[in-house]
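Below: one structure, written as structure tokens.
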Amino acid sequence: MKHFYSIIITALFSCIAYSQVTELYISKYGEGSSNHKFLEIYNGTNADIDLSNYSVSSCSNGCNTTGEFDYPDNIIFAAGTIIQSGDVYVITHGSADPSIHSDQTFTYLSNGDDFMALTLAGATASDYTIIDALGDMGPDPGNGWEVAGISNGTQNHTLTRKSTVCGPNPTPLASFGTNSEDSEWIVGESNSGWDTVGSYDGCVSGPILTITSPSNNQEFESGTTSVIVSVSVANFNIGELNSGADGHIHWTINNQEQPMKYDTLDETINVADGESYSIYMELVDDSHQAISPAVNQTVSFEVNFPCDLYIDTINSSCDSNTAENSDTYSTSLSFTGGGTTSYVIDTGGVGTIEGDDPSVTPEGVIIISGVPENTDYVVSFTGDPSNSSCNFIRSISSPNCNPSIALPYNDPFDYPDGSLTSYPNWNNFSGNEGDLLVTNGQAIVQHGTPSEDAGVTFDPVEGVIYYAFDFSVNDPGNPISGSDFEYFALFKDDGFNYRARIDIVSANDAASDFTVGISTKNGTADVIWPGDLDFETTYRATVKYDQAQNTTQLWINADGETDPSIYGNDEDDPGTTITQFGLRQSDSSANEGILIDNLTITQTFNETLNNNEFSDLDYSFILFPNPSVSGIISIKSNKLGEIKSQVFDLLGKELINTKIKNQKLDLSDLSSGIYIIRLTQGNLMWSKKFIKQ
14 MKHFYSIIIT ALFSCIAYSQ VTELYISKYG EGSSNHKFLE IYNGTNADID LSNYSVSSCS
74 NGCNTTGEFD YPDNIIFAAG TIIQSGDVYV ITHGSADPSI HSDQTFTYLS NGDDFMALTL
134 AGATASDYTI IDALGDMGPD PGNGWEVAGI SNGTQNHTLT RKSTVCGPNP TPLASFGTNS
194 EDSEWIVGES NSGWDTVGSY DGCVSGPILT ITSPSNNQEF ESGTTSVIVS VSVANFNIGE
254 LNSGADGHIH WTINNQEQPM KYDTLDETIN VADGESYSIY MELVDDSHQA ISPAVNQTVS
314 FEVNFPCDLY IDTINSSCDS NTAENSDTYS TSLSFTGGGT TSYVIDTGGV GTIEGDDPSV
374 TPEGVIIISG VPENTDYVVS FTGDPSNSSC NFIRSISSPN CNPSIALPYN DPFDYPDGSL
434 TSYPNWNNFS GNEGDLLVTN GQAIVQHGTP SEDAGVTFDP VEGVIYYAFD FSVNDPGNPI
494 SGSDFEYFAL FKDDGFNYRA RIDIVSANDA ASDFTVGIST KNGTADVIWP GDLDFETTYR
554 ATVKYDQAQN TTQLWINADG ETDPSIYGND EDDPGTTITQ FGLRQSDSSA NEGILIDNLT
614 ITQTFNETLN NNEFSDLDYS FILFPNPSVS GIISIKSNKL GEIKSQVFDL LGKELINTKI
674 KNQKLDLSDL SSGIYIIRLT QGNLMWSKKF IKQ
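Just so you know, we're using my numbering here: the sequence shown kicks off at 14 and counts up by one.
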């Protein structure tokens, strides 16, 4: 095990403004809100450097093993990635603010408690050379490390290396120091210093003046009455006149001269809401003349107006609940803090804005009505910028406006080819809507490019609940292999808590095609079916989830509940209240396609059994004769209530829409061919292929 820490010795020459740097080092680090993260590397040497000889190695939430990297060579650089002499190279999160200069993106930058180091390329967990270090290779520090005496300085702050620093510091924590004087870093506020990213001057031996607080363009919250101004000076002695010091500081606030500073102690200035401030400081000699070359800095900041408007409870409800996709819904947003300024409410043209007006009403309810179901949107609230800082959004998601479904639920997928979510009861709950398809009377879950996840919502029940379906896996050309096996069917609650997941996995015998796995809660299988299965062959999977015990059970081609089965993990009690069944598409190692047919969701095992005849016991309807020569067919139901019928051709065009009278449906005017009949009775919907001879 070899650990090397690169030690750089740099000579300082007071007669020149810049001293010689002999190695790369980290010049800026940002850990801000959301994904506003960056890491800047500085080349202060006199030569261009190929970054492919370096890497960034890291640990996540502290290091799993003290002194070892969790992720050595985590960020690497392509050969020929040159950082020129005097230039910097910036790595940002892919979703960082676009105003932050970026040369390369990387997702897993620090969250504040993640050790990061510039290393020589080729680092391993225990064999590495550290060039420059941020943090400590020990346990998780919590939220972050202290920097310059500031708690959690590596979280929600911007760190800038002092211009006097002439090289890296490979010793963990050593560069952080204990106060603003001995630290190598200037600690700025969260999301500050973005305008400086992309350029840096290091190892400066001439006079330096840095306003360390407030940060440039910093915004203070409404209600702030005073701001502390901090300044740091290097390579220049500050003192009284005729004291032998090099000079002192002249400074202004909004171009108004302030008493001359003969020290670097903090200053406190009074501020007010809605005001902007500009602080200017410069180094001068004993004759009050700016030194040459001039050394000065300007920092601007502002104190926000208040934002009094507060959106409290948000509720969305359907205006109607039908099996068609033509329902609308309304959303109520209760608020307080109105009546203090004028507000603009914008939905991007979605729905109609009604209810109380927060511009004139102190508290009330805003109503957004007439929004088409399955339409998600964003509503923005903007106050008058002359006296308000309000500028925020709220995201609104469509409720499920399909009729409530009581179990058992059965679906033979006898729909015309097309999007599954275009048919009653199926709704998108994730991914690209419309790309989970029905083809030849079966739903096809295609891992790979399609991403839609679609589900059926039903009334919650207590105790155990089952789903069962016929399935087959299309032959991808080779047995299922790899390590990324994605589940394709599941139960879920009203949120995104997935339970009873089934996935396609590698066969027990490498020469066989595949088998299946089951998981109670995890994203990968807890256990796999002991028998191997074949491509292009139909099997019936039955899955049981116990909502009280939080357990899962799987059968393949079972005739009874006592047939062989496997169990997922017994997770912590109680389990999850299930309200939806879902089909899921994602990327997997094989990107296989799975055909689903004859879905049943029920509370008993016996009701999951399927003889593929779709009898009245399964679906509550009888349709006969089928095929029919005359086209006059009988429709019977074991439930009371009006029956509506729709008839489609195989292209999905609706040909007939009528009510069933005297248990008869007249299709005599149809030409010979194959059609789809859809019957709706209350909350029950049934589709069946019909042949007119």
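Backbone N, C-alpha and C fix where the C-beta goes; we use that ideal spot for every residue, glycine too.
Pairing CB atoms from the region 170–177 with CB atoms from the region 34–53, are three or more of them under 8 angstroms?
-> Yes, the region 170–177 is in contact with the region 34–53.
Look at residue 557 and residue 477 and say whether their C-beta atoms are less than 8 angstroms apart.
-> Residue numbering aside, residue 557 sits at position 544 when the sequence shown is read from its first letter. Residue numbering aside, residue 477 sits at position 464 when the sequence shown is read from its first letter. Yes, Cβ-Cβ distance for residue 557 and residue 477 is below 8 angstroms.
Report the residue ranges of all beta strand (DSSP E) runs contained in full by the region 317–404; include only those spanning at least 3 residues, in chain order.
-> With a minimum length of 3 residues, the continuous beta strand (DSSP E) runs that stay inside the region 317–404 are 323–331, 341–349, 356–359, 365–368, 377–385 and 390–396.
Collapsed DSSP secondary structure at residue 439 in the structure displayed | Position 426 of the sequence shown holds residue 439. In the structure shown, residue 439 sits in a strand (DSSP, three-state: E or B).
What do you reckon, are the CB atoms on residue 56 and residue 115 nearer than 8 angstroms?
-> For the purposes of this step, residue 56 is taken as residue 43 along the sequence shown, with counting starting at 1. For the purposes of this step, residue 115 is taken as residue 102 along the sequence shown, with counting starting at 1. With a cutoff of 8 angstroms on beta-carbon distance, residue 56 and residue 115 are scored as not near each other.
Would you mind working out which of 248, 229, 244 and 209 sits nearest residue 216, comparing C-alpha positions?
-> What you label residue 216 is simply residue 203 of the sequence shown in a count that begins at 1. The closest CA to that of residue 216, considering only 248, 229, 244 and 209, is found on 248.
Does DSSP put residue 699 in a helix, in a strand, or in coil?
-> By 1-based counting over the sequence shown, the position of residue 699 is 686. It is a strand residue.
Whole beta strand (DSSP E) elements within the region 153–233, 3-residue minimum = Whole beta strand (DSSP E) segments, 3+ residues: 170–174, 198–202, 221–226 and 231–233.
CB-CB under 6 angstroms to residue 704, same chain, minus the five flanking residues each way: which ones, in chain order?
-> For this step, residue 704 is matched to residue 691 along the sequence shown. Within its own chain, the residues whose Cβ lies closer than 6 angstroms to the Cβ of residue 704, once the five positions on either side in sequence are excluded, are 640 and 687, listed in chain order.
Could you tell me which uninterrupted beta strand (DSSP E) segments, each at least 3 residues in length, are contained entirely in the region 41–72, listed from first to last along the chain?
-> List check, beta strand (DSSP E) in window: 50–55 and 67–71.
Is the CB-CB distance between residue 601 and residue 498 below 8 angstroms?
-> For the purposes of this step, residue 601 is taken as the residue at position 588 of the sequence shown. For the purposes of this step, residue 498 is taken as the residue at position 485 of the sequence shown. Contact flag set, yes.
Proximity to residue 244 [Cα-Cα], best of 275, 63, 592 and 608 = Here residue 244 is taken as the residue at index 231 of the sequence shown, counted from 1. It is 275 whose Cα lies nearest to the Cα of residue 244.
Neighbourhood of residue 467 by C-beta, 6 angstroms cutoff - its chain only, sequence neighbours within 5 removed = Mapped onto the sequence shown, residue 467 falls at position 454. 433, 434, 439, 441, 449 and 596, listed in sequence order.
Separation of residue 380 from residue 677, as counted between CA atoms | For the purposes of this step, residue 677 is taken as residue 664 along the sequence shown, with counting starting at 1. For the purposes of this step, residue 380 is taken as residue 367 along the sequence shown, with counting starting at 1. It is roughly 46 angstroms from the alpha-carbon of residue 677 to the alpha-carbon of residue 380.
Assign residue 521 to one of three DSSP states: helix, strand, or coil.
-> If you number the sequence shown from 1, residue 521 lands on position 508. DSSP places residue 521 in coil when its eight states are reduced to three.
Backbone secondary structure at residue 605 - three-state DSSP | The count along the sequence shown starts at 1 and reaches residue 605 at position 592. The three-state reading of DSSP puts residue 605 in coil, since its state is none of H, G, I, E or B.
With distances taken Cα to Cα, identify the nearest neighbour of residue 386 among 406, 423 and 335.
-> Sequence index remark: in the sequence shown, residue 386 carries index 373 (1-based). For residue 386, the closest C-alpha among the options 406, 423 and 335 is that of 335.
Contact check, residue 138 vs residue 82, beta carbons under 8 angstroms = To locate residue 138, count along the sequence shown from 1; it is residue 125. To locate residue 82, count along the sequence shown from 1; it is residue 69. The answer is yes: Cβ separation under 8 angstroms.
Inspect the beta-carbon positions of residue 144 and residue 131 and report whether they are closer than 8 angstroms.
-> Taking the first residue of the sequence shown as position 1, residue 144 is located at position 131. Taking the first residue of the sequence shown as position 1, residue 131 is located at position 118. The answer is yes: Cβ separation under 8 angstroms.
Kindly indicate the opening and closing residues of the beta strand (DSSP E) around residue 692.
-> By one-based count along the sequence shown, residue 692 stands at place 679. Looking at the DSSP string, the run of the beta strand (DSSP E) that includes residue 692 is 686–694.
Could you check what DSSP says for residue 680 in three-state terms: helix, strand or coil?
-> Sequence index remark: in the sequence shown, residue 680 carries index 667 (1-based). In the structure shown, residue 680 sits in coil (DSSP, three-state: anything other than H, G, I, E or B).
CA-CA distance, residue 689 and residue 680?
-> Working through the sequence shown from its first residue, we reach residue 689 at position 676. Working through the sequence shown from its first residue, we reach residue 680 at position 667. Spanning the two alpha carbons is a distance of roughly 12 angstroms.
Which value, in whole angstroms, describes the spacing of the CA atoms of residue 579 and residue 522?
-> In the sequence shown, the residue the question calls residue 579 occupies position 566. In the sequence shown, the residue the question calls residue 522 occupies position 509. Using only the alpha carbons, I get a separation of about 18 angstroms.
Own chain, CB closer than 6 angstroms to residue 632, minus 5 neighbours either side, in chain order | Taking the sequence shown and counting its residues from 1, the one referred to as residue 632 is at position 619. For residue 632, the pLDDT reaches just 42, beneath the cut-off of 50, and the residue's location in the model is therefore unreliable, leaving the point undetermined.
What does residue 263 pair with, by DSSP beta-bridge criteria?
-> Numbered from 1 along the sequence shown, position 250 holds the residue referred to as residue 263. DSSP, once it has assigned bridges, lists 295 as partnering residue 263.
For residue 165 versus residue 49, is the C-beta distance shorter than 8 angstroms?
-> The residue labelled residue 165 in the question sits at position 152 within the sequence shown. The residue labelled residue 49 in the question sits at position 36 within the sequence shown. Taking a C-beta distance under 8 angstroms as the contact criterion, residue 165 and residue 49 do not qualify as a contact pair.
Measure the CB-CB distance between residue 365 and residue 390 and report whether it falls below 8 angstroms.
-> Translated into the one-based positions of the sequence shown, residue 365 becomes position 352. Translated into the one-based positions of the sequence shown, residue 390 becomes position 377. Taking 8 angstroms as the Cβ cut-off, residue 365 and residue 390 do not qualify as a contacting pair.
In the structure shown, what three-state DSSP assignment does residue 270 receive?
-> Your numbering for residue 270 matches position 257 in the sequence shown. Note: residue 270 maps to strand in three-state DSSP.
Cβ atoms of residue 304 and residue 277: under 8 angstroms apart, would you say?
-> By one-based count along the sequence shown, residue 277 stands at place 264. By one-based count along the sequence shown, residue 304 stands at place 291. Residue 304 is positioned such that its CB atom lies no closer than 8 angstroms to that of residue 277.
Those residues which DSSP pairs with residue 568 across a bridge | Counted from its first residue, the sequence shown places residue 568 at position 555. Listed as beta-bridge partners of residue 568 by DSSP are 555.
Between the region 59–70 and the region 224–241, do three or more beta carbon pairs fall short of 8 angstroms?
-> Contact between the region 59–70 and the region 224–241 is absent: fewer than 3 CB-CB pairs across the two stretches fall below 8 angstroms.
Of the choices 472, 72, 452 and 668, whose alpha-carbon is the least far from that of residue 507?
-> Within the sequence shown, numbered from 1, the residue matching residue 507 stands at position 494. Out of 472, 72, 452 and 668, 472 has the C-alpha closest to the C-alpha of residue 507.
Beta strand (DSSP E) segment containing residue 658, residue limits | Your numbering for residue 658 matches position 645 in the sequence shown. Residues 657–661.
Range of the contiguous beta strand (DSSP E) that encloses residue 532 | Reading the sequence shown from its first residue, position 519 is the one you call residue 532. Boundaries of the beta strand (DSSP E) harbouring residue 532: 528–532, taken from the DSSP string.
Limits of the beta strand (DSSP E) - the one that residue 85 falls within = By one-based count along the sequence shown, residue 85 stands at place 72. Note, residue 85: beta strand (DSSP E), 84–89.
What is the DSSP secondary structure of residue 620, counted as helix, strand or coil?
-> Position 607 of the sequence shown, counting from 1, holds the residue named residue 620. Of the three classes helix, strand and coil, the one that applies to residue 620 here is helix, per DSSP.
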